[in-house]
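What the first sequence shows, in this note's numbering, is residues 455 to 1377, in sequence order.
First comes the structure, then the notes that go with it.
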Amino acid sequence: MATNCKDYDFRQIEPHWQTFWQENLSFRADNVSTKPKYYVLDMFPYPSGAGLHIGHPEGYTATDILARYKRAKGFNVLHPIGWDAFGLPAEQHAVKTGTHPASNTQNNIANFKRQIKALGFSYDWEREIDTTDPKYFRWTQWIFLQLFKRGLAYVDERPVWWCPELRTVLANEEVVDGKSEVGGFPVERRNLRQWVLRITAYAERLLADLKDVDWPDSTKRMQEAWIGRSEGAEIVFELERRPGFTPDTSGVNPDLPKLKIFTTRPDTLFGCTYMVLAPEHPLVDALTTAEHRAAVDAYKKKTAAKSDVDRMSEAAKEKTGVFTGGFAINPVNGQRVPIWIADYVLMGYGTGAIMAVPGHDERDFEFATQFSLPIPRVIAGPSGDEKLPYTGDGKLINSPGYDGMAWPEAKKKITADLAARGVGAATVNYKLRDWLFSRQRYWGEPFPVVWVGEADYAKAKQTRALPAEPVTFVEEGKKLFALPLPESALPLVLPEVQSYLPSGTGESPLANVTEWLEIWFNYETGASVPAAQPCPAGGAWIRGRRETNTMPQWAGSCWYYLRFLDPKNTDAFASAEALKYWGVPDFYVGGAEHAVLHLLYARFWHKVLFDLGVVPQHEPFTKLFHQGIILGELEFTLVLDDNGSPRSATPEDSRVLENRRTRSLTAEEVEKIGSDWFWKENPKIRVDAQSFKMSKSRGNVVSPDTIIESHGTDTLRLYLMFLGPLEAMKPWNPRGIEGVHRFLHKVWRECITAEGEVNPKISASATDSAELTKLLHETIKKVGEKIEALQFNTAISDMMVFANALQKAPSVRRETVLAFLQLLAPFAPHLTEELWQRLGGRPSIQHAPWPGYDAAQLTTTQVKLVFQVNGKHRGDQLVPVGLAEADALALARANPRVAPHLEGKGVKRVVYVPGKILNIVVE
RNA sequence: GCUCGGGUGGUGGAACUGGUAGACACGCAGGUCUCAGAAGCCUGUGCUUAACCGCAUGGGGGUUCGAGUCCCCCCCCGAGCACCA
């Protein structure tokens, strides 16, 4: 039943229909259906304490329009939402207040849910998920165990980014410009025991399979760059034997060690004039001669003390390095090549050693110039004397046996020749590193792993499938083995703790919960009792220590799209039937900030699940779209000089505005002249004008609640879509909202009179004008096409055009109005549902099939022909379709606006595009 | 520095495979209704002009009968990467 309000009372209408849809389960997605399926997914939010800001509903509105449209088109639509609720802010709040992060998280979820419900999205709330719910993270842990069993998880002590402020380690990706991405706190290097996932094992497939997904090119490119595949060769250099040289310090290999390097340009091997090792390279000590020992040690020490950030920022200025005194032998020509160490070579990539070719590599050139090393030319470009370093195309020179060959060809030949001699091989290297998967925090999924002794591990191994290579770690001289919990023992839940504060040494708060940590563990059942108690009877009880790290926030979001298929299943993360029917999302919308991290991690997990045979597709997100960021309102700032007097703002001021003395101005106090803004009070003074990202600290956050209260959610939804292209970054501008609000008012008035009755101009028996009929069919066609193409802004303007025509029509068929309401329904579902019902539409507009258009109604007999003279528009005229050129020319000559431009001039040429344009070219 | 993506009225933005630049809105101005206002409605609105003309899609050049759209050079803004050998 519709409301009986006389005016467009959105405060009454919107909650009314939201309740109606909820009570009728209007958006329930059925797992058994004969309809084609359509799965449209939003990136689920982290429920922060700040609540929703205006950027959230932008993407959500887009997917909601699509979901409602697809339902009308006859699809069984899955449109779910949930909460990515583990994460740092909740834990930091817990540290501050001493309350359990779960309670704060639940409060935040409740608030987010209230806000999202007020926006009227057609989510299937029966499928809501929460990554912190043990019923959910049981399966996150289960997937981890699958990775573990396949040897894709291991433990390593490695230098990691430690953030003293957040008291946790961060992944490389979470560190931006030497600061934590969350909070912007400084970070430093520390060696800590970490869980690492072997994502590099999937590098090739993660790269190659990008061809199978419909994603924005920029995102594909970013992933490509992140994976960073490069083809080259590993080349073995003999080290020069010399008096006093102590080979291999370990004594294991009595032979002289060899130096293995990676290069993408084996063709430039003849141009190699020195070698560079990373200062951390294991051969450095053995290579260094007595006379260079002091300098080398000093350099190594200096490098070690530097964080990567310092290393990078200094590197930008100037190359540094020292000679070791050692020499290598170039395998192609037997030349002695001096070996240096320098921090511009990174231990983490390739072999940590390079051959330097200063003639054809910019970094090597810089270094060689710095230390006066020879810079020979071995590649000649077209002119043959290109300025060095030359990295372009060309042929080999000064390379006996290969001179004259094009370099890509020489690259293959030289690699093959080295391989034949056993001193080289073609290889592929990736920039992608293994994924640091642990955090020293409380608020995350616990690892379902117990550390046990070697003998106990061997016992357990006889009863269980365990990885081919055990995951081990040496602690205080004792080798510990990682024994996973049996799957039946999941979930492993978090224990209660006294304090959420991590220990200063980098261990998680879980390390303090002794009765949880130190246990007797039954490896058959997964049962445990505190180690302080006596060991229970039975053979399967062994002494163990639980893993204290927890998983990073990415874990829960790596597979949530699969849980939505079957969220209540207790036997599997989703049933095989659900996985088969729904598959993966047909459409996925979220911010571009996840272009590499979430989207790469989720692809990795999905591929592992695919290899396990539990998901049928090899890629999780077939079609992806990024909505643009909505910036805060344009802000005007007057810059003041040291005395506090206003002065003109320079572009430099705009970059460092926070370091200047300033005064905020309102839009009324400024005016635009040319492309710059000026202060009205003194128009000589240029004012800074820019939009900033919405942030709490800037105070420019717009909450959807405010707009819903003042204009209603239908207006907000419509305005968010009308603001501009979905993918564009755009500033929020509250003034424009009146325009779409007026449009909705207009639609209301065309349907309902001031007395609350159906507008008498609407009747079942009315006849629409030919123009209105044509426009209706055009509008149906355009709106449908534009929804599919996500061009919501122009779809809305098409509907505005129709509404304007509707307003001018003296009478209109009821069917016409109903069809129009259906077009508008995905955008403004509450208003259209109300009007639909009041006009007698049944059942709910949500379940009415999308209107069709009649192609015959779109054809015309008359078209507007544009007359041009020398390419300039001089007039136009309605002409019959298919008019002959001669007739068109005659009409043009007769046209009073065209004729003067032809007078007394010879016609050189006539270009006629029937139905479009007639261009007369004259002298 | 490298790699992408963009620059269109006072504002947000339209413009199919090269074919009327500025759709649709905001704002502004005038009118109408009203005791008055609000809301509506009507008209106008790129710049210039009384009008015609002329000029106009960041700047410069080119291709074309015709360029916002294609090509070359430059400027500015945004995003990503940043010693990955």
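By construction, the Cβ of each residue, glycine as well, lies at the ideal position given by its N, Cα and C atoms.
Length of the line joining the Cα atoms of residue i and residue j
{"i": "R465", "j": "G1166", "result": "7 Å"}
{"i": "K1235", "j": "L1172", "result": "19 Å"}
{"i": "Q476", "j": "S576", "result": "9 Å"}
{"i": "R1115", "j": "M1183", "result": "28 Å"}
{"i": "D751", "j": "T757", "result": "10 Å"}
{"i": "E1087", "j": "E512", "result": "16 Å"}
{"i": "L1066", "j": "Y1014", "result": "18 Å"}
{"i": "A483", "j": "T457", "result": "27 Å"}
{"i": "A1346", "j": "A1353", "result": "7 Å"}
{"i": "S826", "j": "Y728", "result": "11 Å"}
{"i": "R612", "j": "R893", "result": "13 Å"}
{"i": "P1070", "j": "P924", "result": "29 Å"}
{"i": "P501", "j": "Y514", "result": "15 Å"}
{"i": "K1370", "j": "T1221", "result": "31 Å"}
{"i": "A822", "j": "I829", "result": "7 Å"}
{"i": "E692", "j": "K603", "result": "40 Å"}
{"i": "I519", "j": "G574", "result": "11 Å"}
{"i": "S1108", "j": "D1142", "result": "6 Å"}
{"i": "L1226", "j": "P1214", "result": "18 Å"}
{"i": "T488", "j": "Y1035", "result": "10 Å"}
Residue span of the beta strand (DSSP E) that contains residue i, given as start and end
{"i": "P1137", "result": "N1136 to Q1144"}
{"i": "K1126", "result": "V1124 to I1127"}
{"i": "D610", "result": "A607 to C617"}
{"i": "I715", "result": "K712 to T717"}
{"i": "D1379", "result": "An answer regarding residue 1379 cannot be provided, because it is not within the stretch 455 to 1377 covered by the chain."}
{"i": "M809", "result": "A807 to A810"}
{"i": "S1108", "result": "Not the beta strand (DSSP E): S1108 falls in the alpha helix (DSSP H), residues P1105 to R1109."}
{"i": "Q1316", "result": "Q1316 to V1323"}
{"i": "A782", "result": "V776 to I783"}
{"i": "G686", "result": "S684 to L693"}
{"i": "D1330", "result": "K1326 to P1334"}
{"i": "A880", "result": "G878 to N883"}
Range of the contiguous alpha helix (DSSP H) that encloses residue i
{"i": "C1205", "result": "I1191 to C1205"}
{"i": "L872", "result": "W861 to A874"}
{"i": "R1171", "result": "T1167 to F1176"}
{"i": "I681", "result": "D671 to I681"}
{"i": "D739", "result": "V738 to L741"}
Sequence-distant residues of its chain with Cβ nearer than 7 Å to residue i (five each side left out)
{"i": "T1286", "result": "L1275, L1278, A1279 and I1299"}
{"i": "W1290", "result": "L1272, L1275 and I1299"}
{"i": "F927", "result": "V609, R647 and L934"}
{"i": "Y1366", "result": "E1339, A1342 and L1372"}
{"i": "F591", "result": "T585, E899, P945 and G1010"}
{"i": "P843", "result": "P812, G813, H814, D815, E816 and F819"}
{"i": "R895", "result": "E545, T622, P956, S962 and T1004"}
6 Å Cβ shell around residue i - same chain, five flanking residues per side excluded
{"i": "G804", "result": "F716 and N883"}
{"i": "I1216", "result": "V1266, R1268 and V1271"}
{"i": "W616", "result": "V623, E642 and R644"}
{"i": "W995", "result": "W974, N976 and C989"}
Residues near residue i by beta carbon distance below 8 Å, same chain, minus five either side
{"i": "L620", "result": "L542, Q546, S634, V636, G637 and F639"}
{"i": "R1101", "result": "V1093, L1094, D1095 and I1139"}
{"i": "E772", "result": "Q824"}
{"i": "P984", "result": "T968, E969, W970, E972, I973 and W974"}
Contact belief for residue i with residue j at Cβ below 8 Å, rounded distance in angstroms
{"i": "Y977", "j": "T917", "result": "7 Å"}
{"i": "V947", "j": "P588", "result": "5 Å"}
{"i": "L886", "j": "G682", "result": "6 Å"}
{"i": "V549", "j": "Y954", "result": "5 Å"}
Are at least three pairs of beta-carbons, each pair with one atom in the region 580-596 and one in the region 920-935, less than 8 Å apart? No: fewer than three Cβ pairs fall under 8 Å.
Kindly confirm or deny that the region 1296-1310 and the region 1191-1202 touch, where touching means at least three C-beta pairs closer than 8 Å. In short, these stretches do not touch, since the Cβ pair count stays below three.
Three or more beta-carbon pairs under 8 Å between the region 662-673 and the region 1062-1079, yes or no? Three or more beta-carbon pairs drawn from the region 662-673 and the region 1062-1079 are found closer than 8 Å, and the two stretches are therefore classed as touching.
Could you tell me whether the region 726-733 touches the region 865-879, where touching means 3 or more Cβ pairs closer than 8 Å? The region 726-733 vs the region 865-879: no contact.
Contact between the region 1045-1063 and the region 1115-1127 (3+ Cβ pairs under 8 Å): The answer is no - the region 1115-1127 does not touch the region 1045-1063, with fewer than three Cβ pairs under 8 Å.
Within the chosen definition, does the region 992-1011 reach the region 964-975 through at least 3 CB pairs nearer than 8 Å? At 8 Å Cβ cutoff, the stretches touch.
Would you check if there are 3 or more beta carbon pairs closer than 8 Å linking the region 492-509 to the region 1149-1168? Touching, yes.
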